[in-house]
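Okay, structure first, notes after.
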Amino acid sequence: MEIKKSRNTEKQNLVKKTLSETEHAMSAEDIMDAIPIKVNKTTIYRILDRFVEKGDVHFVTGKNGKAYYALCNSCGTSHEIHNHIHFECQVCKEVTCQPNTLHIPSLEGFTIQETQFLVIGICNKCKK
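Using this note's numbering, read the sequence shown as starting at 8 and increasing by one per residue.
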């Protein structure tokens with residue numbers, strides 16, 4: 008997917024590249040530390056907000072209250088409704104998207120605008 012040209016194109020490309028090269032969701036701070044040039048946190052958040060708005064990236068709020076971002080690969084067309092589980096390991100602190108999809112029920116009298124599913128435990132790497 009091509010990114011719209013703007014003054015932050017290099018930074019946007021680095022953020023997207025960083026997210027594409029990891030198997031887990033990343034916080035803005037993790038992304039900031041991983042990219043090879045200095046970019047302030049506000050710029051990282053603006054880029055991530057743009058990506059979320061476009062449907063390229065989704066996020067889940069971790070137990071610590073931080074947002075963790077991941078590229079949307081198979082979220083479907085409704086990027087507000089992420090019907091898969093996110094797993095947060097209490098040992099290594101990684102947040103990963105899981106392949107399990109969930110059925111989002113219709114709630115009479117309510118309009119669902121966003122869903123987040125976070126399961127907390129210990130991942131297989133840390134169990135060993």
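Think of the CB as a built atom: it goes at the ideal place given N, C-alpha and C, for glycine as much as any other residue.
Would you kindly check if the distance between the Cβ of residue j and the Cβ of residue i is under 7 Å?
| i | j | result |
| --- | --- | --- |
| residue 38 | residue 25 | yes |
| residue 127 | residue 95 | yes |
| residue 125 | residue 93 | yes |
| residue 34 | residue 73 | yes |
| residue 31 | residue 122 | no |
With a 10 Å radius around its C-beta and 16 neighbouring C-beta atoms as the bar for buried, classify residue i as buried or exposed.
| i | result |
| --- | --- |
| residue 69 | buried |
| residue 27 | exposed |
| residue 98 | exposed |
| residue 109 | exposed |
| residue 40 | exposed |
| residue 58 | buried |
| residue 132 | exposed |
| residue 66 | buried |
Assuming residue i and residue j make a contact with CB atoms under 8 Å, what is their CB distance in whole Å?
| i | j | result |
| --- | --- | --- |
| residue 76 | residue 55 | 5 Å |
| residue 111 | residue 119 | 6 Å |
| residue 50 | residue 18 | 6 Å |
Provide the residue span of the alpha helix (DSSP H) that contains residue i, from first to last.
| i | result |
| --- | --- |
| residue 105 | First-last for residue 105: 102 to 108, but that is the beta strand (DSSP E), not the alpha helix (DSSP H). |
| residue 17 | 16 to 27 |
| residue 77 | Counting along the chain, residue 77 falls outside any alpha helix (DSSP H), though it belongs to the beta strand (DSSP E) covering 74 to 78. |
The beta strand (DSSP E) that contains residue i, what's its start and end?
| i | result |
| --- | --- |
| residue 46 | That residue, residue 46, is in no beta strand (DSSP E); it is neither H nor E in DSSP. |
Could you name the residues that DSSP lists as bridge partners for residue i?
| i | result |
| --- | --- |
| residue 128 | 96 |
| residue 32 | 102 |
| residue 66 | 76 |
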